[in-house]
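**Student:**
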Amino acid sequence: MDLTERRIDIEPGLRRMILIEIIFPMVLLILGIYHGLMQVLYRAGMIRSSQFLGLSYFQGLTLHGVVNAIVFTTFFAVAFGYAIVRYYLGRPLNMKVAWLAFTLMMVGTLLAAVAILSGKATVLYTFYPPLRAHPAFYIGVVLLVVGSWIAFFNWLPPYFAWKREHSGEKVPLAVVGIFATFIIWLIATTPVAIEVIFLLIPWSMGWVATVNVPLARMLFWFFGHPLVYFWLVPAYVMYYTMLPKLAGGKLFSDFAGRLTFLWLVLYSAPVGIHHQFTEPGISSTWKFVHAFFTMLVAVPSFLTAFTIGASLEHGARERGGRGLLGWWTKLPYIDKDRWLFSYLFAGLVIFIFGGATGVINASYNLDTVVHNTSWLPAHFHQTVAGPVFLSYIGMSLFLVAELTGKQIRFRTLNVWMPYIWTLGIMIFSTGLFIGGAGGEPRRTNMGVSYADPQSHLYHADWGYAKMLGSIGGTIMTIAALMFFIVFFATLFSKRAKQGDLELIVSETYHDERVPAVQTFTPWLAGAALLLVIAYAPPIAQTIRSNFPGAPPYSQDNPRPISSAPNR
Amino acid sequence: MLSVKQLEKRIIWISLAFAVVLLGLSALAINLFHVGLPTCLTDIKPFQKGELITHSPTHYELHYVARMWKFEPEDVTVPAGSTVDIYLSAADVTHGLIMLGTNLNLMAVPGVVNYARVKFDKPRVYQLLCHEFCGTGHDRMAAELHVVDAATFAARPSPPPAPEPTHPGYKLLDANLCTTCHSIDGQPGIGPTFKGLYGRTEKLRDGSTVAVNDAFIREKILHPDAKIVAGRFEQEMPKTDLSSEEIEEIIEYIQTLK
Chain A
1 MDLTERRIDI EPGLRRMILI EIIFPMVLLI LGIYHGLMQV LYRAGMIRSS
51 QFLGLSYFQG LTLHGVVNAI VFTTFFAVAF GYAIVRYYLG RPLNMKVAWL
101 AFTLMMVGTL LAAVAILSGK ATVLYTFYPP LRAHPAFYIG VVLLVVGSWI
151 AFFNWLPPYF AWKREHSGEK VPLAVVGIFA TFIIWLIATT PVAIEVIFLL
201 IPWSMGWVAT VNVPLARMLF WFFGHPLVYF WLVPAYVMYY TMLPKLAGGK
251 LFSDFAGRLT FLWLVLYSAP VGIHHQFTEP GISSTWKFVH AFFTMLVAVP
301 SFLTAFTIGA SLEHGARERG GRGLLGWWTK LPYIDKDRWL FSYLFAGLVI
351 FIFGGATGVI NASYNLDTVV HNTSWLPAHF HQTVAGPVFL SYIGMSLFLV
401 AELTGKQIRF RTLNVWMPYI WTLGIMIFST GLFIGGAGGE PRRTNMGVSY
451 ADPQSHLYHA DWGYAKMLGS IGGTIMTIAA LMFFIVFFAT LFSKRAKQGD
501 LELIVSETYH DERVPAVQTF TPWLAGAALL LVIAYAPPIA QTIRSNFPGA
551 PPYSQDNPRP ISSAPNR
Chain B
568 MLSVKQLEKR IIWISLAFAV VLLGLSALAI NLFHVGLPTC LTDIKPFQKG
618 ELITHSPTHY ELHYVARMWK FEPEDVTVPA GSTVDIYLSA ADVTHGLIML
668 GTNLNLMAVP GVVNYARVKF DKPRVYQLLC HEFCGTGHDR MAAELHVVDA
718 ATFAARPSPP PAPEPTHPGY KLLDANLCTT CHSIDGQPGI GPTFKGLYGR
768 TEKLRDGSTV AVNDAFIREK ILHPDAKIVA GRFEQEMPKT DLSSEEIEEI
818 IEYIQTLK
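Protein chains in written order, with this note's numbering: chain A, 1 to 567; chain B, 568 to 825.
#1: When you compare only the Cα positions, how much space is there between D461 (chain A) and P12 (chain A)?
#2: In angstroms, rounded to a whole number, what distance separates the CA positions of Y464 (chain A) and G473 (chain A)?
#3: Show which residues of chain B have a CB atom less than 7 Å away from the CB atom of R307 (chain A).
#4: Taking the straight line between their C-alpha atoms, what separation do you get for H379 (chain A) and G358 (chain A)?
#5: At the level of alpha carbons, what is the spacing between G168 (chain A) and W523 (chain A)?
#6: Which whole-angstrom value describes the C-beta separation of T122 (chain A) and T73 (chain A), a residue pair presumed to lie in contact below a C-beta threshold of 8 Å?
#7: Report yes or no: is there a C-beta of chain A within less than 8 Å of the C-beta of F776 (chain B)?
#8: Please list, in chain order, all residues of the same chain as P558 (chain A) whose beta carbon is under 6 Å from its beta carbon, the five residues on each side excluded.
#9: Curious, which full-length alpha helix (DSSP H) runs of at least 4 residues does the stretch 221-287 of chain A contain?
#10: What did DSSP end up calling L59 (chain A) once you bin it into helix, strand or coil?
#11: For R691 (chain B), which three-state DSSP category applies?
#12: In whole angstroms, what is the alpha-carbon distance linking L592 (chain B) and V400 (chain A)?
#13: Would you mind sorting F255 (chain A) into buried or exposed? The rule is 16 or more other CB atoms within 10 Å of its CB.
#14: Which residues in the same chain have their Cβ closer than 7 Å to the Cβ of N566 (chain A), if we skip the five residues on either side of it in sequence?
#15: I want to see whether chain B comes within less than 8 Å of R322 (chain A), judged by CB atoms only; does it?
#16: Which whole-angstrom value describes the C-beta separation of R48 (chain A) and K466 (chain A), a residue pair presumed to lie in contact below a C-beta threshold of 8 Å?
#17: Mind checking which residues open and close the alpha helix (DSSP H) that includes R43 (chain A)?
#18: Ends of the alpha helix (DSSP H) at Y88 (chain A)?
#19: In whole angstroms, what is the alpha-carbon distance linking G326 (chain A) and E318 (chain A)?
#20: Hey, is P805 (chain B)'s beta-carbon within less than 8 Å of any beta-carbon in chain A?
#21: Quick one: which chain A residues come within Cβ less than 9 Å of S634 (chain B)?
#22: Short of 6 Å in beta carbon distance, which residues of its chain neighbour G424 (chain A), apart from the five on each side in sequence? Order them along the chain.
#23: Which one of B:K686, B:R634 and B:L671 has the shortest CA to CA distance from V645 (chain B)?
#24: Apart from the five residues just before and just after R258 (chain A), which ones in its own chain have a Cβ nearer than 7 Å to its Cβ?
#25: Between which two residues does the beta strand (DSSP E) containing K770 (chain B) stretch?
#26: Measure the C-alpha to C-alpha separation of M1 (chain A) and A496 (chain A) and round it to an integer number of angstroms.
#27: Cα separation between H749 (chain B) and Y737 (chain B)?
#28: Run through the DSSP bridge pairs and tell me what T650 (chain B) is partnered with.
#29: May I have the straight-line CA-CA distance separating L491 (chain A) from V415 (chain A), to the nearest angstrom?
#30: Check whether the Cβ of G763 (chain B) sits closer than 7 Å to any heavy atom of the ligand PLP, and report yes or no.
#31: Specify, as a first and last residue, the run of the beta strand (DSSP E) that Y598 (chain A) falls within.
#32: In whole angstroms, what separates the C-alpha of T294 (chain A) from that of S545 (chain A)?
#33: Okay, do the stretch 270-280 of chain A and the stretch 291-307 of chain A touch, 3+ Cβ pairs below 8 Å being the bar?
#34: Apart from the five residues on each side of it in sequence, which residues of its chain come closer than 6 Å, Cβ to Cβ, to A564 (chain A)?
#35: Out of B:P735, B:Q822 and B:L771, point me to the one whose CA is closest to F826 (chain B)'s CA.
#36: Report yes or no: is there a C-beta of chain A within less than 8 Å of the C-beta of T644 (chain B)?
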């Protein structure tokens, strides 16, 4: 792709680290996606068993969630952050600190992986107590998170050094985006770190007998929603800083990009209770406050939709597009030299549906129809397995090719893969949406009950939805396979040139200067204030209510662990 | 033709107006239609026993206990036209309750009681499912609620509650939670019912057959995963700390369940 201008001779150590941080989770992702396929086959009743090839349904589901949604995303965000910070701020990083962060993340991931694979942490990626995982799982999660914090802190010295040297200049938009990503990550992971370190680890070690479940759940969802913006903002960075150039034009508005990133810093976190609308122990008032804030956090997604739409139009017109709608035909949908366009564009198309269903889920009482049904995985696959997944794997391939100096192999496969994935995920989600609106539960191995004609629980009326789910899931797996072929063939091909770091950088059409979006400070203060307003009262209520605590349980025994023998 | 700037200004004002109207409508909905969500921040101590309490012929209080891996009570009948106050508590881990075909959707969280009021207008059978992962038997955790017309409800034979078996073997089964998965009256469950089990010949997953006798039951209790019956749940049955004498009592009791 000849869209880059400035090349940076990256230090060999940082280059190696970015490569490992992309390739290692990519290998794990093979396992994660395999278990995604297994999920749809189990649920459609094609596998009528509680386990397959030595791993049980819920073990596979735990792996699928932890690997795809936590490990892959965190490693990628860190690797992408290194690339952006090094490229735009133009300073080498402190490699001792970087390797420390890297080691913590690797050790944490391996600890959690061993716990899951040995069947001692079948708790799904939400790890709700009082189902108890082996302490290694919780410790692994903490190490992964703390490692990513340290990686972020390591970017601060070059950032402030750049600001000192370029006083009065605007910080590059991509840097604002990646810093917003990690500020959101810090906000999100602090409560979950408190949950894991102060509630779950002592309890799973047996140092305390019981855990306050409502408090643990509230801290988890304090993390659970900003987490999705941690996933999404790196994709937005690509949409704002790379997609316009790939489309042949310029970013329509620089201000829109900055406002989007900062608005997400402000509103991503005081919304977590919208995951808990159907729960006892939280008053309706706070549920409503969070529902209201959730609607505000949809604003930057609309801003993005219109800004990127305008940028695409600009690109298409530069390429000779004419007419009110005719310009749509001029975009480089399947241009092998601009292949990253298809990854980013397909993700945007999927996100239209993911975003719209998100507004439905957050709508307070509409949620009672779909809460914990398969509607929910349909929605979040259209976000995290749509724009997030496609932009992450696309950028992974781009960075690996540039850093190693390789040419993309199987270029036709590469440029079509995102569209096949889109077809798969639309069919998959349609099935899950239909099933979910009819009450089909999520997180359930329906092959042994609701999808088994032999069972007294059989639901013939869910058959059609499950069929769509499994067809879509299979197409997604085929698309993923295509990507892995391209990725690993490129990685193992002969070097074509010297590897270096280069990124696609869009120019800006409207380069506004709005002082309010040139600094993080007021937005951080606003975020802190909103968090106190939204979370201090419900957390205080949950602690004060002094709910009876719960002893730990293992998933296969209805008696608490402390009283169960032989374990 | 308006410039982009003017257009933007106009759009911002229109959006703000829309937002104000929407907010007003939500406030109206909350006050007029009593749109609410489960809210119960209460001091009610979570209960351990599921039951249907009759307040009047058209008003009932239903206590559901969600436990690994069933709802109690599993089968409830109320007359059409009645209002049911449903209280849900979790006896062990987190569960969920969705009543298919309605918008009754509640989480059962250990330590807290959830609440919702439902009015049942027409006769119908409702299925309830657990929709939060609660362990091995989660996939089959379901219950039923029957709404019948008033005449049927009045005429329904009210069977005297089956007396709790007094056999010491039953007491052991109950105390060790074996009855969570194995019924004693032929009801299907996660494990096979004990009724009529003794003396039967079962096919094992490896193709061989085995007679359900003293030796088999003893082996199954001591080494749950040694022999697995074909078509059954592969997940191992939990281990217990039953003594040899206690296992004898249990075998003796199972023999009585013809």
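Every residue gets a Cβ at the ideal spot worked out from N, C-alpha and C, and that includes glycine.
Here the structure is a predicted model, which is why all the values come from computation and not from measurement.
**Tutor:** Here's the rundown:
#1: 58 Å
#2: 14 Å
#3: The identity of residue 307 (chain A) in the sequence shown is Thr, whereas the question assumes Arg. Per Cβ cutoff of 7 Å: no residues; T307 (chain A) is ~12 Å from chain B at best.
#4: 7 Å
#5: 19 Å
#6: About 21 Å separates the two Cβ atoms, so there is no contact after all.
#7: The residue you asked about is not Phe; residue 776 (chain B) is Thr in the sequence shown. Judged by the 8 Å Cβ criterion, T776 (chain B) is not in contact with chain A.
#8: none
#9: For the stretch 221-287 of chain A, whole alpha helix (DSSP H) runs of length 4 or above, ordered along the chain, are 243-246 and 254-267.
#10: A small correction: the amino acid at residue 59 (chain A) is Gln; Leu does not occupy that position in the sequence shown. Helix, per DSSP.
#11: strand
#12: 52 Å
#13: buried
#14: Residue placement at N566 (chain A) cannot be trusted, given a pLDDT of 39 that sits under 50; what the coordinates show is reported in the next sentence. Closer than 7 Å at Cβ, skipping near neighbours: no residue.
#15: Chain B, which has no Cβ nearer than 8 Å to the Cβ of R322 (chain A), makes this no.
#16: Not quite, the Cβ-Cβ distance comes to about 13 Å (not below 8 Å), so this is no contact.
#17: P12 to R43
#18: For Y88 (chain A), the enclosing alpha helix (DSSP H) begins and ends at F72 to L89.
#19: 13 Å
#20: Under the Cβ distance rule, P805 (chain B) counts among the residues neighbouring chain A, one pair being separated by less than 8 Å.
#21: Before going further, note that residue 634 (chain B) is Arg rather than Ser in the sequence given. Simply P558.
#22: The beta carbon of G424 (chain A) sits closer than 6 Å to those of G472, I475, M476 and A479, all from its chain and outside the five residues before and after it, given in chain order.
#23: B:K686
#24: L173, V176 and V517
#25: T768 to K770
#26: Reliability fails at M1 (chain A), whose pLDDT of 48 lies under 50, so the model's placement of it is uncertain and the value that follows must be treated cautiously. A direct Cα-to-Cα measurement between M1 (chain A) and A496 (chain A) gives close to 13 Å.
#27: 11 Å
#28: B:H626 and B:K686
#29: 17 Å
#30: By its list of ligands, the structure shown contains no ligand whatsoever, and the ligand PLP lies outside what it can speak to.
#31: Any property of residue 598 (chain A) remains undetermined from this structure, which presents chain A solely from 1 to 567.
#32: 26 Å
#33: yes
#34: Low per-residue confidence applies at A564 (chain A): pLDDT is 43, beneath 50, and the placement is therefore not dependable, though the value from the model is reported in the following sentence. Excluding positions up to five away in sequence, the list reads N557.
#35: In the structure as shown, chain B begins at 568 and stops at 825. Residue 826 (chain B) is therefore absent and cannot be evaluated.
#36: no
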